[in-house]
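S.K.:
There are 2 protein chains.
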Amino acid sequence: MLDTTVAVQANNVLNRLDEALTQNDIEAALGLFAAECYWRDMLAFTWNIKTAEGKHGIRDMLSHCLEYTQPHSWALDERESVTETGGVIEAWIVFETAVARGTGFVRIKDGLIWTLLTTMDELKGYEEPMGVTRPLGAKHGDDQGKPTWKEEREQELASLGVDTQPYVLIIGGGQGGIALGARLRQLGVPALIIEKNDRPGDSWRKRYKSLCLHDPVWYDHLPYIKFPRNWPVFAPKDKIGDWLEMYARVMELNYWGATEARRASYDEATQTWTVVVDRDGEQITLRPRQLVLATGMSAKPNVPSIEGQDIFGGIQQHSSEHPGPDGMAGKKVAVIGSNNSAHDICAALAENGVDVTMIQRSSTHISRSESLMKYALGPLYSEEALANGITTEKADMLFASIPYALLADFQKPIFDEIRKVDADFYDQLEKAGFMLDFGPDDSGLFMKYLRRASGYYIDVGASQMIIDGRIKLESGSEVARLTKNSVQLEDGREIPADVVIYATGYGSMNGWAADLISQDVADKVGKVWGLGSDTPKDPGPWEGEQRNMWKPTHQESLWFHGGNLAQSRFYSHFLALQLKARMEGIDTPVYGQQPVHHTS
Amino acid sequence: MLDTTVAVQANNVLNRLDEALTQNDIEAALGLFAAECYWRDMLAFTWNIKTAEGKHGIRDMLSHCLEYTQPHSWALDERESVTETGGVIEAWIVFETAVARGTGFVRIKDGLIWTLLTTMDELKGYEEPMGVTRPLGAKHGDDQGKPTWKEEREQELASLGVDTQPYVLIIGGGQGGIALGARLRQLGVPALIIEKNDRPGDSWRKRYKSLCLHDPVWYDHLPYIKFPRNWPVFAPKDKIGDWLEMYARVMELNYWGATEARRASYDEATQTWTVVVDRDGEQITLRPRQLVLATGMSAKPNVPSIEGQDIFGGIQQHSSEHPGPDGMAGKKVAVIGSNNSAHDICAALAENGVDVTMIQRSSTHISRSESLMKYALGPLYSEEALANGITTEKADMLFASIPYALLADFQKPIFDEIRKVDADFYDQLEKAGFMLDFGPDDSGLFMKYLRRASGYYIDVGASQMIIDGRIKLESGSEVARLTKNSVQLEDGREIPADVVIYATGYGSMNGWAADLISQDVADKVGKVWGLGSDTPKDPGPWEGEQRNMWKPTHQESLWFHGGNLAQSRFYSHFLALQLKARMEGIDTPVYGQQPVHHTS
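Here the protein sequences line up with chains A and B, keeping their order. In terms of numbering that gives the first Met the number 0, the first sequence opens at residue 0 and continues consecutively. In terms of numbering that gives the first Met the number 0, the second sequence opens at residue 0 and continues consecutively.
Set out below in structure tokens:
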């Protein structure tokens, strides 16, 4: 039900915004915003993913974008209710621009816009065929003699990358590449995914054997095909692997397994990439117009350089290479690091009776999985949320509607609550010597993920094993060196070890560009991920959006795509629209591209 | 919105039914039914699929079933509206029995029940884990060292049928076996599917190459995972094949491809089947408790015996063996038959320039695909239906709520309308010599399907090719004989032919039981499919439900499952519940099993 009062208020603001923008009256539009205000835009105005902060920011954005955007037909989304909580009116909106249809979300305080989200949904004339516009499939009448679906598909698979060139080459066939590939196929953009592993899903299958998703199912859906209602809350890695493999198949993705990109270069004159790949031993040169690095946040292993690595007599492996506890019986294992992988690996080893020590070099945020689901994700991604009408798609928009500048404020109370309800648990963990934090500003896990993609563990049992001493813990000191059979810490402690596992995380994705293209291009593009929050591993200045992700970079026609399943789902939509627009020759003036402040 | 008046009326009837049944007062219950009345029950009362017709039928059913069923808590389904059209109140209902929860649908005329559908949804204590009760997936805490999902799955695949026996053996791994296998897995019933083709989906892949589904996508969903919104209206056979293959994988079915059942026998004493199978060359003996023949309505080819088949010099093939037009160039092809396959095969041949003649021996119903979708399926299975809140699951229940005795009356006006709007089309077709019918009582396509599963073509273009003479037509006579190079009709016409394709349909599924078990068992079970409508190929007497499908047969622990995707979806639920109840030792007294009137 619409509450008439708040709906009328929201409608009034929208109508006045519509009028001001239609008349190109930027000052009148600004008059509708509160003193503290944010306008987050996904493509609709900026052909960028950009948050304009404050009236000065919005003025600048509109003065660049308004004329060619030609926004109009702002209205409340009739499918949704307008609500009011604590003096803030929240409303779902729809609008159009010269080239697209969009949806958004607005928060109004005291009659003025506090936050505004505008997202591009579809390009006019290039809508995805679905529902009533879905393809017929069968060939009727005179088309019955034409090539069948199977013949066409086989022809496409045989020729793409050989006789014909993909418009988009996606390097990396994990969830990121797969979700993007599915979107592009629906938009009719010829795309090829290459993946170094043999089969879709192998990037999950090859991880340590106890790995399960740390995010619950409601947060993990891919576009187009949802996990069924009997799907586990935290899918085991091989099950996710199978799902990705079947998804790539039924979504008809052009997917080359066992294929590695060797080198790439961009020709400014022809606006074409030359990418040399090794496909199962055969060298092939591809010439796509657009290149997407979907190689993953967690694919460029970060192994620290430590004195004595050359003399250590046992096994050394990065967490990404660690298969699990099989074959570790009787060995002493030291795991350097204290994030998700470190905890999972230690727990599986300890459960299998292996003598394992976690070396915690710096403080770590821990959230119990149950608490995270209940307090942090539950309101948006859960059975309860679904029962309240909050589908995954709506949840994505609600989460996106909070500008990153405010997100820490929104998150802090959630983690304050978690800290309170789990106080005993945290006490015991600290008594066991574990160095705990809730983020530099107590904003908890998600902000750590968005800022640095590290520094936390979602507890599914390892913390109790640390408390109980089943996982030994050595914390508070950096590693000084390895000896032939031990790890020595800077404070002099010595941990005997037959195996050293570096659960030391991953490097910035522009490292991929350095390897594949050149250091120059990697430096031109700069650091990938992070907000510029001036917190550990996310140096300032403030940038307001994740660096280089899903949006134009300083290297023409080079894109970065990745993140967890949720980000792969949500942002693949916007990346696909950007690529489609470029393929169709639609003008895509990019507003507000950030300068590069850091190269790694 | 509830219309209070009709909702109150429906509620009153339900309350009085609840009261009468709770007090075991059958006559009071009968007093709530109209003189013409039907109670269709799926398991809840009868542990059968059974329509009690008239007060005498309902009295008999209740007098046998009421005491042990203990129905109670009848109520309007709060999620749905009560509606009234043309004096008939329609309401969705919920109820419980001693062992189960159920839902249903009631039609009330003049305050009295006209039709009542009661279906069992779930067995108490054996609910499927989904939504809030879905499995956790990840192994937390002390379970972290236990076997992983992958290890457990590999162990199950290696041992089932070898070291351990499935409770249910499903012979046939098409959509029927796969849908049932998925339901059984969710209910925790150990099941094994065997399929003679190598891979799930091959039974579709191996058909003639132009084949697409004749039913639209909204009607075709499998349980648990819906086709995505970009899925074609009529999926090409190979695309459906891929979907079935991925579905079997992600639903974790135990599926043996390249496996044929050789013989089966039932031991009354141990209540166990002995089934000898050939698994890719290896002979294996399986000992399941329950045996399901899901070999398909369309899997036992019916090739007529015709004089001269031994002297014909060209190629003879049943439609199920016909690969498509490749390699037929320059040949003269005669297709005997005029149903779906005959039309599809002729159209693909004609499109490829092959000289093809359809030999129509008896009249055939034709519905144009567009008209069928608009007038017949549209109100229940379409984008429009979805927009009206009629999900596939609701549509299934609405369709099931019409007793078969009334269904022809419900269908006739639809096909009267189709005949009217497509009058020109039908005129042209008759002028081309095509013998047309709308069923013996003008009830159209669906009744033909339910009665005999033949006698119609859903037109996707072949009819126009007959009108245009691109497919030659010889109609009105039976085939007399084949010569070395022609087909001779009884009226003397002679059709030159290098190839004869028998598009002559399929035999009753109890033929499978004859081949696999014994003629005695096949005869004891009797004819499969059909309603006893006393119309061509569906001899009387009236039975009121499809013979032997998805319900107990006269052979203990032998079941038949099949039909189109829609029936595989809907009825697999009830067959799975029957098997689960038996596995768990729940008492399942079967009411109203029909005597066998026909053996084939």
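Backbone N, C-alpha and C define an ideal beta-carbon position, used for all residues, glycine too. Nothing here was measured: the structure is a model prediction, and the numbers come from that model.
Out of curiosity, what's the CA-to-CA distance linking HIS601(B) and SER362(B)?
M.R.: As shown, chain B starts at 0 and ends at 599. That puts residue 601(B) outside it, with no answer to give.
S.K.: Comparing the C-beta of MET0(B) with each C-beta of chain A, is any distance below 8 Å?
M.R.: For this step, residue 0(B) is matched to residue 1 along the second sequence. Because MET0(B) carries a pLDDT of 42, less than 50, the predicted location of this residue cannot be relied on, and the following value inherits that uncertainty. Answer no: the Cβ-Cβ gap between MET0(B) and chain A never drops below 8 Å.
S.K.: Is LEU159(B) near TRP272(B), with beta carbons less than 8 Å apart?
M.R.: Position 160 of the second sequence, counted from the start, is the residue given in the question as residue 159(B). Position 273 of the second sequence, counted from the start, is the residue given in the question as residue 272(B). In this structure, TRP272(B) does not lie closer than 8 Å to LEU159(B) by Cβ.
S.K.: So what does DSSP say about GLN577(B), is it helix, strand or coil?
M.R.: For the purposes of this step, residue 577(B) is taken as residue 578 along the second sequence, with counting starting at 1. In the structure shown, GLN577(B) sits in a helix (DSSP, three-state: H, G or I).
S.K.: Let me know if LYS419(A) comes out buried or exposed under the rule of 16 or more other beta-carbons within 10 Å of its beta-carbon.
M.R.: In the first sequence, the residue the question calls residue 419(A) occupies position 420. Its Cβ having fewer than 16 others within 10 Å, LYS419(A) is exposed.
S.K.: Can you give the Cα-Cα distance for CYS64(B) and LEU115(B), rounded to whole angstroms?
M.R.: Here the question's residue 64(B) lines up with position 65 in the second sequence. Here the question's residue 115(B) lines up with position 116 in the second sequence. Cα-Cα distance, rounded: 16 Å.
S.K.: Using CA atoms only, rank isn't needed, just tell me which of SER202(A), PRO231(A), VAL105(A), LEU179(A) is closest to GLN185(B).
M.R.: One-based indexing of the second sequence puts residue 185(B) at position 186. Of SER202(A), PRO231(A), VAL105(A), LEU179(A), the residue nearest in Cα terms is PRO231(A).
S.K.: What are the residues in the stretch 103 to 134 of chain B lying within 8 Å of chain A by C-beta distance?
M.R.: GLU127, PRO128, MET129, GLY130, VAL131, ARG133, PRO134
S.K.: Looking at the unbroken beta strand (DSSP E) that takes in HIS364(B), where does it start and where does it end?
M.R.: For the purposes of this step, residue 364(B) is taken as residue 365 along the second sequence, with counting starting at 1. Start and end: 364 to 367.
S.K.: Output needed in chain order: residues of the stretch 189 to 223 of chain B with a Cβ under 7 Å from some Cβ in chain A.
M.R.: For the stretch 189 to 223 of chain B, which is checked against every Cβ of chain A, the residues closer than 7 Å are LYS208, SER209, CYS211, TYR223.
S.K.: Would you call the CB atoms of LEU191(B) and PRO165(B) closer than 8 Å?
M.R.: Within the second sequence, numbered from 1, the residue matching residue 191(B) stands at position 192. Within the second sequence, numbered from 1, the residue matching residue 165(B) stands at position 166. Contact check for LEU191(B) against PRO165(B) passes: the beta carbons are separated by less than 8 Å.
S.K.: Among GLY432(B), GLY280(B), SER462(B), ALA293(B), whose alpha-carbon lies nearest the alpha-carbon of CYS345(B)?
M.R.: For the purposes of this step, residue 345(B) is taken as the residue at position 346 of the second sequence. Selected option, being the one with the closest Cα: SER462(B).
S.K.: Just to confirm before moving on: does the CB-CB distance between LEU208(A) and PRO322(A) stay below 8 Å?
M.R.: Stepping through the first sequence from its first residue, residue 208(A) is reached at position 209. Stepping through the first sequence from its first residue, residue 322(A) is reached at position 323. Position check: residue 208(A) holds Lys in this sequence, whereas Leu was assumed. Yes, Cβ-Cβ distance for LYS208(A) and PRO322(A) is below 8 Å.
S.K.: Hey, how far is the Cα of MET0(A) from the Cα of GLY124(B)?
M.R.: For the purposes of this step, residue 0(A) is identified with residue 1 of the first sequence, where counting begins at 1. For the purposes of this step, residue 124(B) is identified with residue 125 of the second sequence, where counting begins at 1. The predicted position of MET0(A) is uncertain, since its pLDDT is 42 and thus under 50; a value taken from the coordinates is nonetheless stated next. Cα-Cα distance, rounded: 37 Å.
S.K.: By the criterion of Cβ-Cβ separation under 7 Å, what are the contact partners of ARG248(B) in chain A?
M.R.: Along the second sequence, read from residue 1 onward, the residue named residue 248(B) stands at position 249. Going along chain A in sequence order, the residues near ARG248(B) (Cβ under 7 Å) are ASP241, MET245.
S.K.: For ALA263(B) and VAL274(B), which I take to be in contact (beta-carbon distance under 8 Å), what is that distance rounded to the nearest angstrom?
M.R.: Translated into positions along the second sequence, residue 263(B) becomes position 264. Translated into positions along the second sequence, residue 274(B) becomes position 275. Contact between ALA263(B) and VAL274(B) is confirmed by a C-beta separation of about 4 Å, below the 8 Å threshold.
S.K.: Of all Cβ atoms in chain A, is any one closer than 8 Å to the Cβ of ARG546(B)?
M.R.: In the second sequence, the residue the question calls residue 546(B) occupies position 547. No - not a single Cβ of chain A is within 8 Å of the one on ARG546(B).
S.K.: Closest to GLU320(B) by C-alpha separation, out of SER340(B), ALA512(B), ASP309(B), would be which residue?
M.R.: By one-based count along the second sequence, residue 320(B) stands at place 321. Of the candidates SER340(B), ALA512(B), ASP309(B), the one whose C-alpha sits nearest the C-alpha of GLU320(B) is SER340(B).
S.K.: By alpha-carbon positions, which one of ASP17(B), GLN554(B), TRP528(B), ASP458(B) ends up nearest to SER599(B)?
M.R.: Along the second sequence, read from residue 1 onward, the residue named residue 599(B) stands at position 600. Residue TRP528(B) is the option with its Cα nearest to SER599(B).
S.K.: Go to PRO495(A), then tell me how far its beta strand (DSSP E) extends in each direction, as first and last residue.
M.R.: One-based indexing of the first sequence puts residue 495(A) at position 496. Segment 493 to 495, the beta strand (DSSP E) holding PRO495(A).
S.K.: Taking only runs of the alpha helix (DSSP H) that begin and end inside the stretch 374 to 448 of chain B, which ones reach a length of at least 4 residues, in chain order?
M.R.: 382 to 386, 391 to 399, 403 to 420, 422 to 430
S.K.: Output, in chain order, the set of chain A residues within a Cβ distance shorter than 7 Å of PRO227(B).
M.R.: Against the second sequence, residue 227(B) aligns to sequence position 228. Result: TYR223, ILE224.
S.K.: Are the C-beta of LEU378(B) and some C-beta of chain A separated by less than 8 Å?
M.R.: Here residue 378(B) refers to the residue found at position 379 when the second sequence is read from its first residue. The identity of residue 378(B) in the sequence shown is Pro, whereas the question assumes Leu. Answer no: the Cβ-Cβ gap between PRO378(B) and chain A never drops below 8 Å.
S.K.: Judging by CA-CA distance, which residue of GLY506(B), LEU481(B), ALA268(B), VAL81(B) is the nearest neighbour of VAL499(B)?
M.R.: Along the second sequence, one-based indexing puts residue 499(B) at 500. Closest by alpha carbon: LEU481(B).
S.K.: Ordered along the chain, which non-local residues of its own chain (more than five positions away) have a Cβ less than 6 Å from that of ASP656(A)?
M.R.: Because chain A in this structure spans residues 0 to 599, residue 656(A) falls outside the shown range and cannot be described.
S.K.: Say whether chain B places a C-beta atom closer than 8 Å to the C-beta of GLU79(A).
M.R.: As a position in the first sequence, residue 79(A) is number 80, starting the count at 1. Not one chain B Cβ lies under 8 Å of GLU79(A).
S.K.: Only counting the same chain, and skipping five residues up and downstream in sequence, which positions put a Cβ closer than 6 Å to that of PHE559(A)?
M.R.: As a position in the first sequence, residue 559(A) is number 560, starting the count at 1. LEU292, MET508, VAL527, ASN547, MET548, listed in sequence order.
S.K.: Give me the chain A residues within the contact set of PRO235(B), using Cβ-Cβ distance strictly less than 8 Å, ordered along the chain.
M.R.: Residue mapping note: residue 235(B) aligns to position 236 of the second sequence, counting from 1. Here the neighbours are GLY136, ALA137, THR147, TRP148, LYS149.
S.K.: Could you name the residues of chain B that LYS238(A) contacts, counting a contact when the two beta carbons are closer than 7 Å?
M.R.: As a first step, residue 238(A) is located in the first sequence; it is residue number 239 there, counting from the start. Simply TRP148.
S.K.: What residue range is occupied by the uninterrupted beta strand (DSSP E) comprising GLY101(A)?
M.R.: Start at 1 with the first residue of the first sequence, and residue 101(A) comes out as number 102. It spans 99 to 108 - the beta strand (DSSP E) in which GLY101(A) sits, taken as one unbroken run.
S.K.: Less than 8 Å between C-beta atoms, sequence neighbours within five positions excluded: which residues of the same chain meet that for PRO551(A)?
M.R.: Indexing the first sequence from 1 puts residue 551(A) at position 552. Same-chain partners within the cutoff: TRP46, ASN47, TRP558, GLN577, VAL589, GLN592.
S.K.: One question on the structure: do LEU243(B) and GLN359(B) come within less than 8 Å of each other, judged by their Cβ atoms?
M.R.: Counted from its first residue, the second sequence places residue 243(B) at position 244. Counted from its first residue, the second sequence places residue 359(B) at position 360. For LEU243(B) and GLN359(B), no; Cβs fall outside 8 Å.
S.K.: Could you give the distance in angstroms between the alpha-carbon of GLN174(B) and the alpha-carbon of LEU564(B)?
M.R.: As a first step, residue 174(B) is located in the second sequence; it is residue number 175 there, counting from the start. As a first step, residue 564(B) is located in the second sequence; it is residue number 565 there, counting from the start. Spanning the two alpha carbons is a distance of roughly 6 Å.
S.K.: One question on the structure: do TYR380(A) and TYR218(A) come within less than 8 Å of each other, judged by their Cβ atoms?
M.R.: Looking up residue 380(A) in the first sequence gives position 381. Looking up residue 218(A) in the first sequence gives position 219. Yes.
S.K.: Pull up the distance between the alpha-carbon of ASP537(A) and that of VAL595(A), whole angstroms please.
M.R.: As a first step, residue 537(A) must be located in the first sequence, where it is residue number 538. As a first step, residue 595(A) must be located in the first sequence, where it is residue number 596. Taking the straight line joining both Cα atoms gives about 13 Å.
S.K.: Starting from PRO231(A), find everything on chain B with Cβ-Cβ shorter than 9 Å and list it in chain order.
M.R.: Walking along the first sequence from the start, residue 231(A) turns up at place 232. Correct list: ARG133, PRO134, LEU135, GLY136, ALA137, TRP148.
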